[in-house]
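In UniProt numbering, the protein residues as written are 1 to 416.
Where a beta carbon is used, it is the ideal one built from N, C-alpha and C, also for glycine.
Below is one structure; the comments refer to it alone.
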Ligand SMILES: Cc1ncc(COP(=O)(O)O)c(C=O)c1O
């Protein structure tokens, strides 16, 4: 880089000082030839110098870009959060809105639940002065068949705790394998109602209470306020910053309600009613009726029609038929709700994959369908943010098994 600059200095010397000193000899013919030669060398040198300057400028720009990369982190837990956001071009073009996905699937454990797991462990550690250790004798217990178990197992490993997950015995093999690979102790129980003491969440609580080898912590993601608080402290502000404060609508589903509570509270505090908060709800879940009519009920709960699972949908992670503390924290900020069927979600998952290169799980597809259904209520050009909670690879054996069968050439009018 510096060589051409030296050449440049040389050119200056040859052009000004040197000819002045040699002026008498300039009149002879052979010197005239050598003068042309010198001019030629000068011209080439100038071109080389300019080229080099341009190259140096480009390099400087590249270096500036690289300097935006964050410095090395202290541990895997420090990689959680600060997820990217991407425009969903196909939905933006179709609706006239700017539709963005907050890529929570980019967290190290593959979902937004990393934030929750981390904050639950941190809060326990701070409040009860518990530390992780090499022997991992202090243990986190949770009842979950979803992403939270995976995130807890990952955070426990990174922070020196052991992890014990209770789940229904019909949980998919891929999730069981993942939890086992992460070193979690897996306790399979028969699927049961939440009022049954053997239901997996109750089983997890009982296991935590009877643990004596160290301190047992019951994560309790549905009731634990560390859940919504981490979204209020991180996910909400990140979304706000990434859209330069211009968030006109936020659309997501509720499982525990933690994401909805934390993000919507933050956005409403910043934007007031300029931001619309919409709950996307899968079939079989009671949240839609709760928001629309104040009653937590779905027709699948009618006498004699209840299924093996509480919420009758292929969609995992969102939808519920009971009120939890985290949902109660969210409810006051929710403006409206949109109901989405499994069929719509399955088609949307295929659409996003084929048209945008977004390979997402079921809850993200539900959120994207809700954008289409709600779009006409928003002014053109509005910025809409949805949560892309996890990847399609978490759902290959169930939800994506159905989505594989959908024609690649489907259009948006085939979805809703
Ligand atoms: C895949 C997926 N999406 C969305 C959610 C909903 O998040 P929240 O529990 O914050 O309502 C969950 C919750 O477990 C989930 O697993």
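My guess is that residue i and residue j are in contact by the Cβ rule of under 8 Å, so how many angstroms apart are they, rounded?
i	j	result
residue 288	residue 339	5 Å
residue 141	residue 216	6 Å
residue 77	residue 155	6 Å
residue 282	residue 313	4 Å
residue 372	residue 415	7 Å
residue 412	residue 94	5 Å
residue 219	residue 120	5 Å
residue 75	residue 158	5 Å
residue 333	residue 265	6 Å
residue 254	residue 153	Actually they do not touch by this definition, with Cβ atoms about 23 Å apart.
residue 175	residue 151	About 12 Å separates the two Cβ atoms, so there is no contact after all.
residue 402	residue 346	5 Å
What separation, rounded to the nearest whole angstrom, lies between the Cα atoms of residue i and residue j?
i	j	result
residue 257	residue 50	59 Å
residue 166	residue 187	4 Å
residue 80	residue 111	10 Å
residue 417	residue 73	Since the first residue of the chain shown is 1 and the last is 416, residue 417 is not available in this structure.
residue 262	residue 123	16 Å
residue 26	residue 48	Residue placement at residue 26 is poorly supported in this model, since its pLDDT is 36, which falls under 50; the coordinates still yield a value, given next. One C-alpha to the other measures close to 27 Å.
residue 320	residue 328	13 Å
residue 260	residue 212	36 Å
residue 374	residue 251	9 Å
residue 203	residue 143	7 Å
residue 231	residue 326	11 Å
residue 267	residue 46	56 Å
residue 113	residue 148	5 Å
residue 183	residue 393	20 Å
residue 178	residue 52	53 Å
residue 249	residue 404	31 Å
residue 244	residue 238	10 Å
residue 278	residue 137	42 Å
residue 169	residue 316	16 Å
residue 307	residue 189	Summary for residue 307: the model assigns pLDDT 45, below 50, so the residue's position carries little reliability; its value from the coordinates is reported in the next sentence. So the two alpha carbons sit approximately 17 Å from each other.
residue 410	residue 233	39 Å
residue 134	residue 385	41 Å
residue 366	residue 360	10 Å
residue 388	residue 352	11 Å
residue 398	residue 229	32 Å
residue 88	residue 369	12 Å
residue 139	residue 86	37 Å
residue 84	residue 41	51 Å
residue 362	residue 196	28 Å
residue 99	residue 201	36 Å
residue 39	residue 246	58 Å
residue 337	residue 280	6 Å
residue 209	residue 400	38 Å
residue 378	residue 97	8 Å
residue 240	residue 194	36 Å
residue 117	residue 131	15 Å
residue 273	residue 236	16 Å
residue 380	residue 129	51 Å
residue 109	residue 296	32 Å
residue 355	residue 276	27 Å
residue 115	residue 125	15 Å
residue 343	residue 350	11 Å
residue 44	residue 348	59 Å
residue 395	residue 105	13 Å
Residue range of the alpha helix (DSSP H) that residue i falls in?
i	result
residue 296	Taken as a continuous stretch (DSSP letters only), residue 296 belongs to no alpha helix (DSSP H), as it is neither H nor E.
residue 225	Careful: residue 225 lies outside any alpha helix (DSSP H) and carries neither H nor E.
residue 368	362 to 374
residue 402	399 to 404
residue 177	173 to 181
residue 328	325 to 331
residue 209	200 to 209
Going by DSSP, what residues sit across from residue i in a beta bridge?
i	result
residue 100	87 and 385
residue 163	140
residue 168	189
residue 78	Partner(s): none; residue 78 has no beta bridge.
residue 216	139
residue 111	390
Just curious, the beta strand (DSSP E) that residue i is in, first and last residue?
i	result
residue 336	336 to 340
residue 187	185 to 189
Legend entry - beta strand (DSSP E) segments (min. 3 residues) lying fully within the segment 233 to 291: 249 to 252 and 276 to 282
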